[in-house]
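Asker: Here you go, one structure.
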Amino acid sequence: MEIAVLSGSPKGNLSVTFQYIRFIQKKFPQHKFKIHHISHDILKLEKDSRAFSSVIDDVKKSDAVLWAFPLYVFLVPSQYKRFIELIWERAVQNAFKHKYTSVLSTSIHFFDHTAHNYIRAICDDLEMKFVDSFSADMDDIFIEEMRDRLLSFTQNLIEAVEKKLTTTKAYSPLTESKFCYAPGKGKLKVDTRGNKVLVLTDFQHQDSNQAKMVKRFRESFVDLVEVINLHDIDIRGGCLGCLQCGFDNLCIYQGKDEYIDFFNNNVRHTDIIIYAGDIKDRFLSSRMKLFWDRGFFNGHIPVHKDKQIGFIVSGPLCQIPNLRQIIEARVQMSLANLVDIVTDECEDSAQLDSLLQNMAQRGIEYAVTGFIKPRTFLGVGGHKIFRDSIWARMRFPFTADFRFYRKHNMFDFPQKDQRYHDFHKNMITMIKNPEMKETVRKMIKTEMVKRYQKVVDTK
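In my numbering, the protein residues as written are 232 to 690.
As structure tokens, this is what we get:
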């Protein structure tokens, strides 16, 4: 059997993900694995049509396709995302049609599900036969049980091909809109009240809905709002996963392109950031993903803390809840506030004018009052994964993260809260007495709420 492996790490042979691929390859010598380092070679695949065709030809000839990648900022690396865009841009979807496929990722389980949801949806859009997914912790390969599970996962893919199993679909095709936005003139102008507003966009056509929405949003303000097109920033390449920034937040690209200076001089000193983008294959563009990935030179430090963040999106966002969750999680993990996500799905120009105007108004109001919504599970759970990892196994090489977390009291482990330790110790001792246990059982509902009532009554 021939299996085409689309390897997604920019580090190629030196990646953790590739070691998992090598392990599979070693344990199934009877099968032929055609490995392509997609992310590592993305610039060549973009410029050299023969190199791209070689990958597609191997997909065509294969019995199965294995998507394998590390997690980068809630998703696959931007380089891998770009390859997926090329599949549609160069109209080679048929090479993937009806191919059996599985997905393998390596990570610390930080939003691995959103990356898997994305790739699964891509497989369904390509009409592939999706068998299974395997989200490995980076260090699972050191555990015998997890190595056995990995081999079973691979065997399941092989057997699905051999037995020609029927597979399920999880995602319906996206319904595209033909709505053409015709913006009106803004009558009310919002005073920025000293707040700096930055719009980061990636439109390539001035007559696109995104470009017109950005223009209308900009016209909502009395003051001049800065709009930067990401295509106008010299960004030489995506995050390489080299971790050289881990010690002191110095990126390997330092001085080689404009990204770091732009980020430090513009993004860091902005009060309100609006990301504007088109949906491309169930996410935003690879250019937007590139911009987000390169921000990793800041490590896991929440550099957008206390900022107001908004999104202007052209495309069927309501059909892609996975993307909405990524947007919400990204803002929460940044300790920022999500003002709103405005899309052109309403297909009503006047309503869209109002939505953009309202986001401008609310963004300024929230910035002035310092309003930040409480985090949900997305932010709280994500923080705990980073906190525990930076405290333990990721302390090296992410020493800059460790220093920041310690300085800002972000190692908020529950065992450090002595109040609860003392309270629970006393109460557990108390209910060892059967009579007291019954007394407490009867009182627990009223006693539990008393301290909350006190706050309401006295504040």
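For every residue, glycine included, the Cβ atom is placed at its ideal position computed from N, Cα and C.
Once DSSP output is grouped into helix, strand and coil, what is the label at N568?
Answerer: Taking the first residue of the sequence shown as 1, we reach residue 568 at position 337. N568: strand per DSSP, three-state reduction.
Asker: When the Cα atoms are used, what is the spatial distance from K511 to E316?
Answerer: Walking along the sequence shown from the start, residue 511 turns up at place 280. Walking along the sequence shown from the start, residue 316 turns up at place 85. Distance between the alpha carbons of K511 and E316 is about 7 Å.
Asker: Have a look at the DSSP bridge pairing and note the partners of K360.
Answerer: For the purposes of this step, residue 360 is taken as residue 129 along the sequence shown, with counting starting at 1. The secondary-structure analysis by DSSP pairs K360 across a beta bridge with Y331.
Asker: In the DSSP assignment, find the unbroken alpha helix (DSSP H) run with E390 in it and report its ends.
Answerer: For the purposes of this step, residue 390 is identified with residue 159 of the sequence shown, where counting begins at 1. Looking at the DSSP string, the run of the alpha helix (DSSP H) that includes E390 is 375-394.
Asker: Taking only the alpha-carbon atoms, compute the straight-line gap between V544 and L554 and give it to the nearest angstrom.
Answerer: In the sequence shown, counting from the first residue as 1, residue 544 sits at position 313. In the sequence shown, counting from the first residue as 1, residue 554 sits at position 323. C-alpha separation (whole angstroms): 11 Å.
Asker: Considering only the beta carbon of each residue, do D524 and C470 sit closer than 8 Å?
Answerer: One-based indexing of the sequence shown puts residue 524 at position 293. One-based indexing of the sequence shown puts residue 470 at position 239. In contact: D524 and C470 (Cβ atoms closer than 8 Å).
Asker: Compute the Euclidean distance between the alpha carbons of L431 and C411, then round it to the nearest angstrom.
Answerer: Indexing the sequence shown from 1 puts residue 431 at position 200. Indexing the sequence shown from 1 puts residue 411 at position 180. Approximately 22 Å between the Cα atoms of the pair.
Asker: Give the DSSP-derived three-state secondary structure of S270 in the structure shown.
Answerer: Counting from 1 along the sequence shown, the entry for residue 270 is found at position 39. Annotated three-state conformation of S270 is coil, per DSSP.
Asker: Run through DSSP, which three-state label would P301 get?
Answerer: Taking the first residue of the sequence shown as position 1, residue 301 is located at position 70. Three-state result, P301: strand.
Asker: Hey, L396 and D343: beta-carbon distance below 8 Å or not?
Answerer: To locate residue 396, count along the sequence shown from 1; it is residue 165. To locate residue 343, count along the sequence shown from 1; it is residue 112. No.
Asker: Please list, in chain order, all residues of the same chain as I459 whose beta carbon is under 6 Å from its beta carbon, the five residues on each side excluded.
Answerer: Looking up residue 459 in the sequence shown gives position 228. Around I459: L431.
Asker: What first and last residue would you give for the alpha helix (DSSP H) that runs through V430?
Answerer: For the purposes of this step, residue 430 is identified with residue 199 of the sequence shown, where counting begins at 1. V430 -> not in any alpha helix (DSSP H); beta strand (DSSP E) instead, spanning 428-432.
Asker: Just to confirm, is the Cβ distance from Y349 to R518 under 8 Å?
Answerer: Position 118 of the sequence shown holds residue 349. Position 287 of the sequence shown holds residue 518. Not closer than 8 Å, so no.
Asker: Here's the rule I'm using: 16 or more other beta-carbon atoms within 10 Å means buried, otherwise exposed. How should G472 be labelled?
Answerer: Here residue 472 corresponds to residue number 241 of the sequence shown, with the count starting at 1. By the beta-carbon neighbour count (other beta carbons within 10 angstroms, threshold 16), G472 is buried.
Asker: I think S270 touches P308, with their Cβ atoms under 8 Å apart; what is that distance to the nearest whole Å?
Answerer: If you number the sequence shown from 1, residue 270 lands on position 39. If you number the sequence shown from 1, residue 308 lands on position 77. So it is a contact: roughly 5 Å between Cβ atoms.
Asker: Here's the rule: buried if 16 or more other CB atoms are within 10 angstroms of the residue's CB, otherwise exposed. What is P206?
Answerer: There is no way to answer for residue 206, as the model of the chain reaches only from 232 to 690.
Asker: For a minimum of 4 consecutive residues, which ranges assigned as the alpha helix (DSSP H) are wholly contained in the stretch 439-467?
Answerer: 440-449
Asker: Does T337 come out as helix, strand or coil in the three-state DSSP assignment?
Answerer: By one-based count along the sequence shown, residue 337 stands at place 106. Residue state, collapsed to three classes: strand.
Asker: Tell me whether Q261 sits in a helix, a strand or coil according to DSSP, three-state version.
Answerer: Position 30 of the sequence shown holds residue 261. Correct three-state label for Q261: coil.
Asker: With 16 other CB atoms within 10 Å as the buried threshold, where does R476 fall?
Answerer: As a first step, residue 476 is located in the sequence shown; it is residue number 245 there, counting from the start. Sequence inspection shows Cys at residue 476; the Arg mentioned does not correspond to that position. Classification for C476: buried.
Asker: Is it right to say C482 is buried, meaning 16 or more other beta carbons lie within 10 angstroms of its own, or is it exposed?
Answerer: Along the sequence shown, one-based indexing puts residue 482 at 251. That one is buried.
Asker: What number of angstroms, rounded off, separates the C-alpha of D488 from the C-alpha of L461?
Answerer: Within the sequence shown, the letter at position 257 stands for residue 488. Within the sequence shown, the letter at position 230 stands for residue 461. For D488 and L461, the distance between alpha carbons rounds to 13 Å.
Asker: Should N497 and F528 be called a contact, given that it needs their Cβ atoms to be closer than 8 Å?
Answerer: Translated into the one-based positions of the sequence shown, residue 497 becomes position 266. Translated into the one-based positions of the sequence shown, residue 528 becomes position 297. Contact: no.
Asker: Taking the continuous alpha helix (DSSP H) assigned at A581, which residues delimit it?
Answerer: As a first step, residue 581 is located in the sequence shown; it is residue number 350 there, counting from the start. Residues 580-600.
Asker: Within this structure, are the beta carbons of A295 and T248 separated by less than 8 Å?
Answerer: Against the sequence shown, residue 295 aligns to sequence position 64. Against the sequence shown, residue 248 aligns to sequence position 17. No, they are not a contact pair.
Asker: For V307, does the three-state DSSP call read helix, strand or coil?
Answerer: Counting from 1 along the sequence shown, the entry for residue 307 is found at position 76. It is coil, neither helix nor strand.
Asker: Just to confirm, are D502 and A598 a CB contact at a threshold of 8 Å?
Answerer: Sequence index remark: in the sequence shown, residue 502 carries index 271 (1-based). Sequence index remark: in the sequence shown, residue 598 carries index 367 (1-based). Judged by beta-carbon spacing, A598 lies within the 8 Å limit of D502, meaning their Cβ atoms are closer than that value.
Asker: Pop quiz: A401 and M444 are said to be a contact at Cβ under 8 Å. What is the actual Cβ separation, rounded to whole angstroms?
Answerer: Position 170 of the sequence shown, counted from the first residue, corresponds to residue 401. Position 213 of the sequence shown, counted from the first residue, corresponds to residue 444. In this structure A401 does not touch M444 by the C-beta definition: roughly 31 Å separates them, more than the 8 Å allowed.
Asker: In whole angstroms, what separates the C-alpha of S238 from that of H267?
Answerer: Stepping through the sequence shown from its first residue, residue 238 is reached at position 7. Stepping through the sequence shown from its first residue, residue 267 is reached at position 36. C-alpha separation (whole angstroms): 6 Å.
Asker: May I ask you to report which of helix, strand or coil DSSP gives F493?
Answerer: Mapped onto the sequence shown, residue 493 falls at position 262. Correct three-state label for F493: helix.
Asker: Would you mind working out which of L609, F642, G610, V611 sits nearest A623, comparing C-alpha positions?
Answerer: For the purposes of this step, residue 623 is identified with residue 392 of the sequence shown, where counting begins at 1. Comparing Cα-Cα distances from A623 to each of L609, F642, G610, V611, the minimum goes to F642.
Asker: What are the residues that DSSP puts in a beta bridge with F514?
Answerer: For the purposes of this step, residue 514 is taken as the residue at position 283 of the sequence shown. DSSP lists K511 as partners of F514.
Asker: Could you please give me the residues that DSSP links to I504 through a beta bridge?
Answerer: Counted from its first residue, the sequence shown places residue 504 at position 273. Its beta-bridge partners are L429, I540.
Asker: Which of the three DSSP states is assigned to S620 in this structure?
Answerer: Start at 1 with the first residue of the sequence shown, and residue 620 comes out as number 389. Correct three-state label for S620: helix.
Asker: Within 8 Å, do at least three Cβ pairs link the stretch 318-336 to the stretch 362-382?
Answerer: Touching, per the Cβ criterion.
Asker: Going straight from the alpha carbon of F448 to that of I540, what length do you get?
Answerer: Counting from one through the sequence shown, the residue named residue 448 turns up at place 217. Counting from one through the sequence shown, the residue named residue 540 turns up at place 309. When rounded, the distance between both Cα atoms is 14 Å.
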